[in-house]
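Contents: one structure, followed by commentary.
Chains as they are written, first to last, in the working numbering: chain A, -5 to 279; chain B, 685 to 1194.
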C-alpha cells in the first residue's frame, strides 16, 4: 500500500527513488530497531550501577557510564524508544486534532474560518516549547504522557493551518463544485476528494513535525518537565551530563549524537518524501 | 569495613583541613606584616565581581526573599546587633555591649555611637525596636521568626539603650539577633530599596542579572578594602564557571558542580579554597503518614542506602558523610554515621518486622535541579534492592514550597538544607516533615532555656542522638563548601555560614 502511494511511477515508467529518502529511512529504521529491541533486551539493566563513576567508553561500556555508574549505551538505546514513542504519539495527536480543525475551518462560514485562522496564528506564534511547558505545568505532575499530549497540541496548530490552506485550494476546484452540486455528502467529499489530494504534502509536514516533537521532548526533559526519571530521555541524559561536561564530555556527546541522528534522519526522510511526491522538484535537481 | 574506610577518610580530611588552616593563618600573619612595611598592594577602589546562583526574589529578608538576600546584604548592607562570623562565633556588631539579668530574662543592649543609616538618619534604639518587631510581626515570612518567640517586649529607655524582655530564657538570643537586620524605622519599600547601616549601600539592582553595592563613606566601622561589589546572578553552574574562567566574575561564592573543581584545581590563575559546610542533602519523609510514621520503616530505609556511594557519585572525592542533621561545625555535633549505617540485609529484616515483608511503594517529590534528580534515581535503585519501589515526581522549587513546605502534601522529598544550627526544626512538630517526638521537642525547648552553653550543648547532643536513632529523616551527606576565585582576589569568607558572604575585607591586586 505504501509503495503504490508514496513511490509513484514516473511517466517513463521508472520508479522514482530518492537517496535522501533511503538514508533517512535507514537511520530512522535503525533507531526503530534499537527502540524495539530494548523492549526485550539491553546490554545492562538501565538502573543497575554496573560500572564506576564517569568511566570513559570501553568495550564493556560502549558509551561510558554516568555519575551513578550506569551504562550510558543502554540508557541511550532506551532513549531511542522514548523519542519514537513521543514522536509518534505527538504526531498522531497533532494530525488528528490538526486535520479536524483544518478541515472544519476550510468548510466553515467566513466568520468561523476567520476566528479559527486567527486562533491558529496565535497558537503558532506561541513557541512550541513554551506552550508545552504551560500544558505540563497546568497538569498534575510531568510524565511521558503529559509531554506527548502537550507537544501534540502544539503541533496540531501547524498541521491545522496547513490542512486549512490545502483543503481550501482543493475546494475551489471545479470537480468539487460539480460533486457538491450533484449532491455528494461532505463526508464523501472529504474522504474521496480532499484527503487523497492533500495527503502527500501533509505527510511530509507530519514527518517534519515528528522531528520537532523529538526535539521538544528532549527540551522538556532537559528542563525536568518531560518523562520523569528513570525514563532515560536523551534530554535528561544531556541535563545530567551537563554538570560534568568538562571532565566527562562523552556523557553529553553520546546522547547528543543520538538525538541529532534521529532528527536528521527524519528530516531526510521528509525531504525524500517530498522529492518523491513532487516530480517538478525532482527534475530540477 | 565500610565504616572503617569512611572513618579513616574523615580523619585524613580533618588533618588536611587543619594543615590548610594553619597555612592560611601563617599567610595572613605574613600578609599583615608585609602590609605594614610596604604601601598598599591592593586596589582600594577595586570593583569586585561575585558570581552566585542565588538571586534574591526581593530585597527584604522578612518578605520571602530567599537565601540570596542574606548572601548579598548580611553585614554588607544591613548590620545586626550581633554578627555570626565566618568562623561561627557570635560577636557584637551594632550592639557595643550587653548585659543579661540574673534570671536570664532581661537583656540590656548598648548601641554603638555615631552610627548612621545610608539615608543619613542616625541609629537610635527606636530603629532597633522597629527592626526586631518587623521580624516577629504576624505577616513576616522570616524563616526563623519562631526562634524569636520568647521576646515578650522591647523597651527603649534612651536613644542608645535597648532592653529586651523575655518570657522564657533564650540562650541563643544573640545568635538569633544576628540575622535581624537593623533598618531605619522611617524606611519604606524595603522590598525594592534599602536603608541600612552597613559598609555598602545599594547602587543598582537589575532583576535577573545583578545587584551592585557601592562603599558607604559615612560608615562607622572599618573602611572596606574595595570600592564596589557587584553580585552577578546565574541560573546554571556551568555558565557561572565559564564567567569565572573568562574573567567576568572574580569569585564564585559556593561551587555547586564537581566539574568546576576539575577545571580550576591545578590552574595557576585560580584559588580553590575549601571551607566548612553546613549544607545537608536530606531525604525527608512525611513522618505523619504511613508507612513513615513507623520508626522501623525509617530505620530500614536509612540502612538500605549507601550514602558514601551517593556522595561519591555526585561529588567525586569531596563532601562528608553525616549521620544526622548536625554538621561537625555545630557545637552539638556527635559522630552518628554508624547509627543505621549501610546494611541492606538488616534493612530487609526491619521492613519485615514493621509489617512490610514485600516492601511498599512511595513517591519522592524531587526538585528539578541538581543534585536532586540524580540522588532520586540512586535512591530508586538502592531501595529496589530491599523491595521498596520509588516513584519520582519532578517538581519545581516553587511547587516544592507550596506543595511540600506549605501544604505538607507529600510522602517523601529530597531537599538541601543550608542553615547553620537547624536541628531546632526537629523540635517543631508543625515543620514540613512532621517529626514529633515529645522528648526531642522538650529537649530543644529546654536547651533554649539553658543557663549556660554547656547545658545547652548537652541537651542538643541528646536530642541529636535521639533524632538519629529515630531516623527522623534520611541524612544523605554534607556538601563540600568550596569557594573559587581568581588569584588576584583575596580576603573573602570561606565557610559562608547561613549563606552569608562578607565582602568588606575582599582585596584585589593592583
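Glycine included, C-beta positions come from ideal geometry on N, C-alpha and C.
The structure displayed is predicted, hence computed values, not measured ones.
### Message
If the criterion is Cβ atoms closer than 9 Å, does the pair residue 889 (chain B) and residue 895 (chain B) meet it?
### Response
yes
### Task
Measure from the C-beta of residue 1058 (chain B) to each C-beta in chain A and report whether the shortest distance is under 9 Å.
yes
### Task
Work out the CA separation of residue 165 (chain A) and residue 919 (chain B) for me, nearest whole Å.
52 Å
### Own chain, CB closer than 6 Å to residue 265 (chain A), minus 5 neighbours either side, in chain order
14
### Query
In terms of residues, what are the limits of the alpha helix (DSSP H) holding residue 216 (chain A)?
189 to 216
### Query
How is the alpha helix (DSSP H) around residue 169 (chain A) delimited, first residue to last?
168 to 175
#### Entry: Inter-residue Cα distance where the pair is residue 936 (chain B) and residue 925 (chain B)
8 Å
### Query
Would you say residue 721 (chain B) reaches chain A, if we count a Cβ-Cβ gap shorter than 9 Å as a contact?
Any answer about residue 721 (chain B) is weak, because its pLDDT of 42 lies below 50 and its placement is not dependable; what the coordinates show is given next. Judged by the 9 Å Cβ criterion, residue 721 (chain B) is not in contact with chain A.
### Message
Can you confirm whether the stretch 978 to 994 of chain B touches the stretch 950 to 963 of chain B when touching is taken to mean that 3 or more C-beta pairs between the two stretches lie within less than 8 Å?
### Response
no
### Query
Which first and last residues belong to the beta strand (DSSP E) in which residue 775 (chain B) is found?
774 to 776
### Query
If you follow the beta strand (DSSP E) that residue 736 (chain B) is part of, which residue opens it and which one closes it?
731 to 736
### Task
Would you please state the rounded distance, in angstroms, between the beta carbons of residue 211 (chain A) and residue 141 (chain A)? I believe it to be under 8 Å.
5 Å
### Query
Does the pairing of the stretch 1035 to 1048 of chain B with the stretch 90 to 104 of chain A give three or more beta-carbon distances under 8 Å?
no
### Query
What number of angstroms, rounded off, separates the C-alpha of residue 803 (chain B) from the C-alpha of residue 727 (chain B)?
27 Å
### Query
Rounded C-beta distance between residue 961 (chain B) and residue 1163 (chain B)? I'm assuming under 8 Å.
5 Å
### Between the CA atoms of residue 938 (chain B) and residue 906 (chain B) - distance to the nearest angstrom
26 Å
### Task
Check each candidate in B:770, B:743 and B:1157 and name the one with the smallest Cα separation from residue 971 (chain B).
B:1157
### Message
Could you give the first and the last residue of the continuous alpha helix (DSSP H) run that contains residue 954 (chain B)?
### Response
Counting along the chain, residue 954 (chain B) falls outside any alpha helix (DSSP H), though it belongs to the beta strand (DSSP E) covering 954 to 959.
### Query
Counting contacts by CB-CB distance shorter than 9 Å, is residue 267 (chain A) in contact with chain B?
no
#### Entry: Given residue 1003 (chain B) as reference, the closest of B:969, B:974 and B:959 once Cα atoms are compared
B:959
### Query
What is the C-beta distance between residue 229 (chain A) and residue 214 (chain A), in whole angstroms, given that I count them as a contact (C-beta under 8 Å)?
7 Å
### Query
Would residue 1131 (chain B) pass as a contact of residue 1155 (chain B) if the rule is Cβ separation under 9 Å?
no
### Query
Grouping DSSP H, G and I as helix and E and B as strand, with all else coil, what is residue 225 (chain A)?
coil
### 8 Å Cβ cut-off: residues of chain B touching residue 61 (chain A)
997, 998 and 1058
### Task
Check the Cβ of residue 218 (chain A) against every Cβ in chain B and list those closer than 8 Å, keeping chain order.
1052, 1053, 1057, 1078 and 1080
### Task
Using a Cβ cut-off of 9 Å (strictly closer), state whether residue 1045 (chain B) contacts chain A.
no
### Task
Quick one: using the 10 Å Cβ neighbour count with 16 as the cut-off for buried, is residue 1251 (chain B) buried or exposed?
Because residue 1251 (chain B) is not part of the residues shown, which for chain B are 685 to 1194, the question remains open.
### Task
Please confirm if residue 203 (chain A) has its CB atom under 9 Å from at least one CB of chain B.
no
### Query
Does the beta carbon of residue 1031 (chain B) sit closer than 9 Å to a beta carbon anywhere in chain A?
no
### Query
Which residues in the same chain as residue 117 (chain A) place their Cβ atom closer than 6 Å to its Cβ, once the five residues preceding and following it in sequence are excluded?
151
### Message
9 Å is my cut-off, CB to CB: does residue 922 (chain B) come that close to chain A?
### Response
yes
### Task
For residue 758 (chain B), collect the residues of the same chain with a Cβ closer than 6 Å to its Cβ; drop the 5 residues on either side in sequence, then sort them by chain order.
1184
### Message
I'd like to confirm something about residue 187 (chain A): is its beta-carbon nearer than 8 Å to some heavy atom of the ligand ATP, or not?
### Response
Of the ligands one can find in the structure shown there are none, so the ligand ATP has no counterpart to examine.
### Query
Is DSSP giving residue 36 (chain A) helix, strand or coil here?
coil
### Message
What does DSSP give as the partner residue(s) for residue 767 (chain B) in the beta ladder?
### Response
B:775
### residue 1056 (chain B), enclosing beta strand (DSSP E) - first and last residue
It is not in any beta strand (DSSP E) - residue 1056 (chain B) instead sits in the alpha helix (DSSP H) that spans 1056 to 1068.
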